[in-house]
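Asks: Just passing along the structure, written as structure tokens.
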Amino acid sequence: MAPNLQESFWKRNGLGEEYRDVCLGAIGEVYPECRVQELEEQGYCSFTVQVSNSTRTLIEDNAPAEDYTISASQESLIVQVRPQAHTLDLEIGTAATKIYGSYAPKLRNLECKLPPQLRAVEMNRLHGVPLSRCNIQKFALDGESWDKHVTMIQSFASFIALSWSSSSSSPLVLRKIRADSPLDPDPTPTSHSISLTYCTGTVGVRIVPKLQKLAEMLPDTALRQRATDILLRIQKLDDIPVVLNHGDLIPSNILVDPHTWRITGVVDWAEAEWLPFGTCLYGLELLLGYMDMDTSSPSLPIFRYYDDAPRLRELFWERLGKERPEVRERMKQVRLARDIGVLLWYGFAWDEGRIDRVVNEKDDKVEVECLRKFLEVDTDPLSAV
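The sequence shown begins at 1 in UniProt numbering and counts up one residue at a time.
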């Protein structure tokens, strides 16, 4: 079930609407000579504002929290207010900028007078517009739209490729390895064997029980069998690296140049985790088509792939294989991780952020449609590369 955006951020967090002005005022006190403006597009778990004509720079990673450096010219900043349950992990944020460079924003905590259950984070504003504003909802792509999709798909591959060079030997991950993990009796890392032991985030520590739940409770036999088959093959993931995956790789979080559709940034890293490479590739499917309504049954959603989606998919894997040749040797494992990502992302309903109820045909039509369409994709993408 999709998040309920009819309720305001404040109501969803048990606060009155007057707290909007309270938060805007608190942020304004930190930037007294700047314009603080609520963004038109808001996410489910945050209240986001732009701070324009700021004279304050981002603080260096090793600077004390009270150190406010002043600069004569600073680009506009973004400030996000989030409830504690959905706060941004600054360690993950630092890892994201180290791995993905300018694709990810630099984060720092912002000290301001907010209600106790809320936290504020400052970040640099990334250039570009959300891809969700640009998406073309038509089956056939003409010359210009085809060129834009090619640019977007290839830049998406370049973005994904950046994570391969990172690995679970990152100090951030090694500090959090569960020594008693039942998934790997010998947790000593090697350069040849990476296991689910290294998946230490909210989703990562529960991959196996989540797949077991899906294998028992998905709404039809074919989907349950698919989850079972994937569960039985999960140890094959030992042959691919555990990398930092963006946890919400959807068009509204992908920024593009509005003229070329080259990806310029990715926002909202709140759900990012160290997971097997390829887990976030459910996001590729969302770039190859669009959600529509079935003409024979207006209440039934249907995901339609573009007529040239197979070629776009080939272009993605060609670029990824060119930038990370190691992927070619591990395509079965990457495909397995991709299927796990599809199951975990679409197999559980959002339900106000709980994400623990298995989807059903009645309440979660979009998610079930995506499960079926995305899991039936039959690709051997690098066979002809």
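Note that the Cβ used here is the ideal one computed from N, Cα and C, for glycine as well.
In its own chain, which residues sit with a C-beta less than 6 Å from the C-beta of R372, not counting the 5 before and 5 after it?
Replies: Answer for R372: no residue qualifies.
Asks: Give the range of the alpha helix (DSSP H) segment to which Q333 is assigned.
Replies: M331 to Y346
Asks: Quick one: residues in its chain with C-beta nearer than 6 Å to the C-beta of L131, no 5 flanking neighbours on either side, listed in chain order?
Replies: P251, I254 and V256
Asks: Just the C-alpha distance for V36 and Q50, rounded to the nearest angstrom, thanks.
Replies: 6 Å
Asks: Just to confirm the assignment, what range does the beta strand (DSSP E) spanning Q50 have?
Replies: Q50: member of the beta strand (DSSP E) spanning F47 to S52, first to last residue.
Asks: With DSSP as the reference, label F303 as helix, strand or coil.
Replies: strand
Asks: Quick check: what's the CA-CA separation for R226 versus M293?
Replies: 26 Å
Asks: In whole angstroms, what is the alpha-carbon distance linking T221 and L320?
Replies: 34 Å
Asks: Could you check if A85 is buried or exposed, using at least 16 other CB atoms within 10 Å of its CB as the buried criterion?
Replies: exposed
Asks: Specify, as a first and last residue, the run of the beta strand (DSSP E) that S274 falls within.
Replies: It is worth fixing the name first, because residue 274 is Trp in this sequence and not Ser. It spans E273 to P276 - the beta strand (DSSP E) in which W274 sits, taken as one unbroken run.
Asks: My assumption, with CB atoms under 8 Å, is that K138 sits in contact with M123. Please give the rounded CB distance.
Replies: Actually they are not in contact, since the Cβ atoms of K138 and M123 sit about 35 Å apart, beyond 8 Å.
Asks: When you compare the CB positions of K236 and L336, do they come within less than 8 Å of one another, or not?
Replies: yes
Asks: What are the boundary residues of the alpha helix (DSSP H) that E369 is part of?
Replies: K365 to L375
Asks: Which residues bound the beta strand (DSSP E) around P83?
Replies: L77 to P83
Asks: How many Å lie between L118 and A140 at the Cα?
Replies: 45 Å
Asks: Run through DSSP, which three-state label would P325 get?
Replies: Looking at P325 - three-state DSSP - the assignment turns out to be helix.
Asks: So, helix, strand or coil for L110, using DSSP?
Replies: strand
Asks: Quick check on the DSSP output: the alpha helix (DSSP H) that includes I153 runs from which residue to which?
Replies: Where I153 is concerned, the enclosing alpha helix (DSSP H) stretches over G143 to L162.
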